[in-house]
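Residue numbers (the numbering used here): 1 to 212.
Ideal placement from N, C-alpha and C gives every residue a C-beta, glycine not left out.
Predicted model, so just to flag it, every value in this text is computed and none were measured.
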Amino acid sequence: MRLVMLGPPGSGKGTQSAALQERYSVPQISTGDMFREAVTEGTELGKKAKEYIEAGELVPDELAIGIVEERLRKEDGAHGFLLDGFPRTTVQAKMLDKMLLGLEAELDGVILIRVPEEELIARLSGRRICEACGAVFHVANKPPAAKGVCDICGGQLIQRPDDSEETVRERLRVYEENTKPLIEYYEKRGILAEVDGIGPVKQVFDRISRAL
Ligand code: AMP
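Below is the structure:
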């Protein structure tokens with residue numbers, strides 16, 4: 001199973017990809033997670049990516065393509081993968097096609113999760129992440145038992161710097177401008193399935209499973 005998950009920030013791509021990873025036993029490849037890890041570790045890549053991420057802008061294509069290329073060379077992706085957050089531009093989508101050609105593989109499908117803009121802003125600006133284990137909470141939809149404290153490991157909950165309302169609006173603008181053209185790109189190839197992203201996680205997961 002080789003899938004691309006498309007959708008604006010806050011649409012639940014990451015959550016659904018994690019669930020699909022379990023169902024299909026293929027690795028979830030999240031470029032956002034890889035970039036954040038590089039920033040935290042202070043690697044050369046992280047230093048280059050940091051300012052773009054914090055401003056809600058896209059990291060330059062060559063950096064995103066480079067990390068995906070490297071990641072796809074690993075053994076665990078040989079029989080499939082879920083791309084979460086990549087491609088984000090048509091340049092990246094074309095490079096992905098090239099990489100797959102080299103691996104003699106094809107995409108099985110592209111899932112587009114749709115969520116209205118106001119809901120995305122509410123989801124992202126209320127999101128809180130555990131600094132220690134990465135668990136995700138929400139001030140209104142999924143509050144922790146004790147304010148600011150992770151239910152799972154007791155770590156401190158923080159807001160991702162790019163989840164502030166101003167940066168969220170910029171990320172959504174960037175999505176409209178750069179990522180929306182991909183919808184047409186994959187639609188023309190007949191491999192795009194649209195899924196309504198409103199509702200409980202399980203319900204959205206069932207819709208994706210039916211689409212697949
Ligand atoms: P995400 O967690 O997918 O929302 O990604 C967080 C941030 O990482 C984005 O706002 C971008 O700055 C950067 N990023 C992630 N994936 C890509 C990509 N494929 N191309 C360019 N920038 C990316």
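Please name the residue or residues paired with residue i in a DSSP beta bridge.
| i | result |
| --- | --- |
| M5 | D84 and I111 |
| C130 | L157 |
| D196 | R114 |
| K142 | H138 |
| V149 | Q156 |
Taking 8 Å as the cut-off, decide whether the C-beta atoms of residue i and residue j are in contact.
| i | j | result |
| --- | --- | --- |
| V115 | Y186 | no |
| T31 | G85 | yes |
| T167 | G56 | yes |
| F205 | A78 | no |
| G197 | G42 | no |
| S11 | I129 | no |
| Q21 | L82 | yes |
| V201 | T15 | yes |
| D61 | P27 | no |
| M99 | E69 | yes |
| M1 | D97 | no |
| S17 | M5 | yes |
| R169 | P9 | no |
Evaluate residue i with the Cβ neighbour count: other Cβ atoms within 10 Å of its Cβ, from every protein chain shown; 16 or more gives buried, anything less gives exposed.
| i | result |
| --- | --- |
| K147 | exposed |
| T89 | buried |
| K13 | buried |
| S25 | exposed |
| R173 | exposed |
| C133 | exposed |
| Q203 | exposed |
| A145 | exposed |
| A38 | buried |
| L3 | buried |
| A64 | buried |
| L101 | exposed |
| I158 | exposed |
| L120 | buried |
| S209 | exposed |
| L103 | exposed |
| Q92 | buried |
| P181 | exposed |
| R23 | exposed |
| R189 | exposed |
(request) Please go through the segment 20-104 and give each complete beta strand (DSSP E) segment of 3 or more residues, from N-terminal end onward. (result) The segment 20-104 is shown to contain whole beta strand (DSSP E) runs of 3 or more residues at 28-30 and 81-84, in chain order.
(message) Three Cβ pairs or more, each shorter than 8 Å: is that satisfied between the segment 150-157 and the segment 124-141?
(response) The count of Cβ pairs closer than 8 Å, one atom from the segment 150-157 and one from the segment 124-141, reaches three, so the stretches are in contact.
(message) Can you confirm whether the segment 161-171 touches the segment 42-49 when touching is taken to mean that 3 or more C-beta pairs between the two stretches lie within less than 8 Å?
(response) Proximity of the segment 42-49 to the segment 161-171 falls short of the contact definition, fewer than three beta-carbon pairs being nearer than 8 Å.
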